[in-house]
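Below: the structure, in structure tokens.
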Amino acid sequence: MAYPGSTLITRIGELVTNDGDPPGPAGRPGGAGGPGRGAPGPGAFAAIADAALVISDGMVAWTGPAARAPAADAAVDAAGRAVLPGFVDSHAHLVFAGERSAEFAARMAGRPYRAGGILVTVEATRAAPDAALRANLRRLAAEMRSQGTTTFECKSGYGLTVRDEARGLALAAEVTPEVTYLGAHVVPPEFAGDPAGYLDLVCGPMLAACAPRARWIDVFCERGAFGAQEAAAVLAAGRAAGLGARVHANQLGPGPGVRVAAEAGAASADHCTYLTGADVDTLASAPMTATLLPGAEFATRHPYPDARRLLDAGATVALATDCNPGSSFTSSMPFCIALAVREMRMTTQEAVWAATAGGALALRRTDVGHLGVGARADLVLLDAPSHAYLAYRPGVPLVAAVWQQGRLVAGTP
Ligand SMILES: [Zn+2]
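For the sequence shown, the residue numbers in numbering that gives the first Met the number 0 are 0 to 412.
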């Protein structure tokens with residue numbers, strides 16, 4: 000059987016499909032696995048040795064042993080290298096101007112990170128013309144793609160006026176469908192004496208202008224940003240406007256973020272660096288992903304989140320970059336995988352699953368994060384024989400080629 004207009008990628012040393020069965024009969028979409036075969040979307044980590052894959056119409060049409068591969072119109076010889084699902088980066092702040100390398104250098108010399116640093120970027124972003132923001136955004140999106148990211152989320156949050164937030168979301172929508180309204184990032188200086196007034200703006204006119212351009216709403220629930228009641232109000236207003244919820248939770252210290260996220264039915268609680276036992280129980284039982292952002296701990300010298308504790312409790316764990324100019328200026332999912340394996344005691348399989356299938360679940364997507372038949376043909380060819388090399392050879396550019404919906408978008412196979 001041949002697939003019209005198809006491409007066969009053959010002699011794949013290791014094909015990571017993430018379409019495995021869950022570990023137990025009552026497997027839940029957890030770090031140890033996903034919903035399993037038959038259910039839409041990713042399953043548990045799974046890989047095929049000496050494999051082949053057929054792309055047709057932008058989708059995965061066939062996977063299996065190379066020796067049994069069907070004919071196709073074009074062929075790519077992987078020559079023993081590994082193929083993975085494209086990375087799904089479910090947390091990024093890419094609409095901004097300026098940079099904060101001096102702040103980073105000072106922090107490395109001993110000054111602590113505070114949420115207020117965001118305002119430096121807000122000032123630069125408001126002053127930037129559309130063309131400058133667009134150019135920076137496109138440069139970062141291309142940077143992500145060349146490192147194997149085929150789906151990414153992008154937040155507003157450096158405008159903090161009705162006009163600037165709506166502008167940020169319109170720009171984000173040019174590069175991704177996963178657009179998140181983050182008016183509740185921090186209270187801007189002009190509302191310093193009136194945080195309740197700013198909350199009214201975020202939940203009122205700003206939301207009205209932003210909701211048609213976004214899929215998600217997010218809030219920075221943290222000391223120095225927004226408290227539990229404020230965060231719950233933001234998420235409720237977003238939900239009433241048709242947006243799904245996600246939360247910046249428990250990044251800089253213990254707090255109510257995870258609980259607020261669960262109560263709001265959020266798709267994901269992000270950061271999860273400082274968790275109580277009750278928070279871990281919440282993350283393990285709620286239909287919600289714990290998205291860990293080790294680039295932020297790297298760049299702020301905070302302790303890494305306890306991924307092992309979350310995985311052992313049965314929570315669904317995703318990895319994302321948190322790419323932003325203040326607290327995590329990396330666009331590299333391979334870097335985050337290496338950190339997660341070395342510093343957070345995730346296995347190489349768990350980390351790769353979290354950076355692909357986990358990200359998909361954090362965005363409630365079933366078409367990406369796995370390479371089962373019918374999935375989007377978003378895939379990465381590594382210049383290495385197995386997924387483990389992403390952590391085994393940290394900092395080395397191992398992504399040889401990237402396909403998005405079956406189209407080669409970066410590298411040379
Ligand atoms: Zn963030």
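Ideal Cβ positions, reconstructed from N, Cα and C, are used throughout, including at glycine.
Exercise for review: Would you give the residue range spanned by the beta strand (DSSP E) that E177 belongs to?
Suggested key: Locating residue 177 in the sequence shown gives position 178, where the first residue counts as 1. E177 to A183 is the extent of the beta strand (DSSP E) around E177.
Check your understanding: If we ignore side chains and look at the alpha-carbon of each, how far apart do T272 and P69 end up?
Key -> As a working mapping, residue 272 is identified with position 273 in the sequence shown. As a working mapping, residue 69 is identified with position 70 in the sequence shown. Rounded to the nearest angstrom, the two C-alpha atoms are 47 Å apart.
Check your understanding: Is there contact between the region 81-93 and the region 303-315, where contact requires at least three CB pairs shorter than 8 Å?
Key -> no
Point to revise | Status (buried if at least 16 other CB within 10 Å, exposed otherwise) for I11 | key: Within the sequence shown, residue 11 is the residue found at index 12, counting from 1. Buried, by the Cβ-count rule.
Review point. Got a sec: does ligand 1 put a non-hydrogen atom nearer than 7 Å to the Cβ of N249?
Key: Residue mapping note: residue 249 aligns to position 250 of the sequence shown, counting from 1. Incorrect: N249 has no Cβ contact closer than 7 Å to ligand 1.
Exercise for review: Tell me, please, whether the region 98-107 touches the region 329-340 by the rule of three or more beta-carbon pairs shorter than 8 Å.
Suggested key: no
Review point. Between A91 and E164, which are expected to be in contact by the criterion C-beta below 8 Å, what is the C-beta distance as a whole number of angstroms?
Key: Here residue 91 refers to the residue found at position 92 of the sequence shown. Here residue 164 refers to the residue found at position 165 of the sequence shown. 16 Å between Cβ atoms; not a contact.
Exercise for review: Classify G256 as buried or exposed, calling it buried when 16 or more other Cβ atoms lie within 10 Å of its own Cβ.
Suggested key: Within the sequence shown, numbered from 1, the residue matching residue 256 stands at position 257. The residue is buried, with at least 16 neighbouring Cβ atoms inside 10 Å.
Check your understanding: Identify the residues that DSSP records as bridge partners of W215: which are they?
Key -> The residue labelled residue 215 in the question sits at position 216 within the sequence shown. Answer is T179 and G243.
Check your understanding: What's the gap between the Cα of R245 and the Cα of R67?
Key -> The count along the sequence shown starts at 1 and reaches residue 245 at position 246. The count along the sequence shown starts at 1 and reaches residue 67 at position 68. Cα to Cα, R245 sits roughly 43 Å from R67.
Check your understanding: Taking the C-alpha atoms as reference points, what is the distance between D193 and A127?
Key -> Taking the first residue of the sequence shown as 1, we reach residue 193 at position 194. Taking the first residue of the sequence shown as 1, we reach residue 127 at position 128. Their Cα atoms are separated by approximately 26 Å.
Practice item. Verify whether the separation of the beta carbon atoms of L136 and V94 is less than 8 Å. Key: Numbered from 1 along the sequence shown, position 137 holds the residue referred to as residue 136. Numbered from 1 along the sequence shown, position 95 holds the residue referred to as residue 94. In this structure, V94 lies closer than 8 Å to L136 by Cβ.
Exercise for review: Starting from the Cα of V121, find the closest Cα among E98, Y157, A353 and S145 and give me that residue.
Suggested key: As a working note, residue 121 is residue 122 in the sequence shown. Answer by Cα proximity: Y157.
Review point. If you follow the beta strand (DSSP E) that A317 is part of, which residue opens it and which one closes it?
Key: Counting from one through the sequence shown, the residue named residue 317 turns up at place 318. That run of the beta strand (DSSP E) goes T315 to L318.
Point to revise | Outcome for T275 when other beta-carbon atoms lying within 10 angstroms are tallied against a minimum of 16 | key: If you number the sequence shown from 1, residue 275 lands on position 276. Classification for T275: exposed.
**Study point:** Through-space distance from F190 to A235, alpha-carbon basis
**Key:** On the sequence shown, residue 235 is found 236 positions in, with the first residue counted as 1. On the sequence shown, residue 190 is found 191 positions in, with the first residue counted as 1. Straight-line Cα distance between these residues: approximately 22 Å.
Check your understanding: Measuring from the CB of H386, is there a heavy atom of ligand 1 at a distance below 7 Å?
Key -> In the sequence shown, counting from the first residue as 1, residue 386 sits at position 387. H386: no, Cβ never under 7 Å from ligand 1.
Practice item. Please confirm whether V53 and T355 have their CB atoms less than 8 Å apart. Key: By one-based count along the sequence shown, residue 53 stands at place 54. By one-based count along the sequence shown, residue 355 stands at place 356. No, these two residues do not count as a Cβ contact at 8 Å.
Check your understanding: Among residues of its own chain, excluding the 5 on either side of A409, which ones have a beta-carbon nearer than 6 Å to its beta-carbon?
Key -> Within the sequence shown, residue 409 is the residue found at index 410, counting from 1. Closer than 6 Å at Cβ, skipping near neighbours: R144, S145 and V401.
Review point. Looking only at C-alpha atoms, which of N249, F44, Y2 and Y391 sits nearest to C335?
Key: Taking the sequence shown and counting its residues from 1, one reaches residue 335 at position 336. Selected option, being the one with the closest Cα: Y391.
Check your understanding: Which whole runs of the alpha helix (DSSP H) in the region 77-147 are 4 residues long or more, in chain order?
Key -> 100-107, 117-126 and 129-145
Check your understanding: Three-state secondary structure (DSSP) at T281?
Key -> If you number the sequence shown from 1, residue 281 lands on position 282. Here T281 sits in helix by DSSP.
Check your understanding: Thinking just about the alpha-carbon of each residue, which of R344, A283 and P187 is nearest to the one in P304?
Key -> Reading the sequence shown from its first residue, position 305 is the one you call residue 304. For the residues R344, A283 and P187, the minimum Cα distance to P304 belongs to R344.
Practice item. Evaluate S155 with the Cβ neighbour count: other Cβ atoms within 10 Å of its Cβ, from every protein chain shown; 16 or more gives buried, anything less gives exposed. Key: Taking the sequence shown and counting its residues from 1, one reaches residue 155 at position 156. Answer is buried; the Cβ neighbour count reaches 16.
Review point. Under a Cβ-count criterion, where at least 16 other Cβ atoms within 10 Å of its own Cβ denotes burial, should Q250 be classed as buried or exposed?
Key: Along the sequence shown, one-based indexing puts residue 250 at 251. The residue is buried, with at least 16 neighbouring Cβ atoms inside 10 Å.
Review point. Which residue or residues does DSSP assign as beta-bridge partners of G254?
Key: Residue 254 sits at position 255 when you count from the first residue of the sequence shown. Beta-bridge pairing links G254 to no other residue.
Review point. Which word fits G33, buried or exposed, when buried means at least 16 other C-beta atoms lie within 10 angstroms of its C-beta?
Key: Stepping through the sequence shown from its first residue, residue 33 is reached at position 34. Bear in mind that the predicted position of G33 carries a pLDDT of just 43, short of 50, making it unreliable; the figure below should be weighed with that in mind. The residue in question, G33, is buried, as its Cβ has 16 or more Cβ neighbours within 10 Å.
Check your understanding: For P188, which residues does DSSP report across the bridge?
Key -> The residue labelled residue 188 in the question sits at position 189 within the sequence shown. DSSP, once it has assigned bridges, lists no residue as partnering P188.
Review point. For ligand 1, any of its heavy atoms closer than 7 Å to the Cβ of H92?
Key: The sequence position of residue 92 within the sequence shown is 93, counting from 1. Answer for H92: yes, Cβ within range of ligand 1.
Check your understanding: For V367, which three-state DSSP category applies?
Key -> Along the sequence shown, read from residue 1 onward, the residue named residue 367 stands at position 368. In this structure, V367 counts as coil in the three-state DSSP scheme.
**Study point:** Stretch pair the region 279-296 + the region 211-231: three plus CB contacts closer than 8 Å
**Key:** no
**Study point:** Neighbourhood of L139 by C-beta, 7 Å cutoff - its chain only, sequence neighbours within 5 removed
**Key:** Stepping through the sequence shown from its first residue, residue 139 is reached at position 140. Counting only Cβ-Cβ distances below 7 Å, and skipping sequence neighbours, we find L93, C322 and S330.
Exercise for review: Tell me whether A51 is buried or exposed, calling it buried when 16 or more other Cβ atoms sit within 10 Å of its Cβ.
Suggested key: Stepping through the sequence shown from its first residue, residue 51 is reached at position 52. Burial call: buried.
**Study point:** 4 or more residues per run - each alpha helix (DSSP H) lying fully within the region 354-400
**Key:** 358-361 and 388-391
Exercise for review: Since I believe L389 is in contact with L397 (beta carbons under 8 Å), could you give me their beta-carbon distance rounded to a whole number of angstroms?
Suggested key: Locating residue 397 in the sequence shown gives position 398, counting from the first residue. Locating residue 389 in the sequence shown gives position 390, counting from the first residue. The Cβ separation is near 7 Å, so the contact holds.
Check your understanding: Would V75 pass as a contact of A46 if the rule is Cβ separation under 8 Å?
Key -> As a first step, residue 75 must be located in the sequence shown, where it is residue number 76. As a first step, residue 46 must be located in the sequence shown, where it is residue number 47. Not closer than 8 Å, so no.
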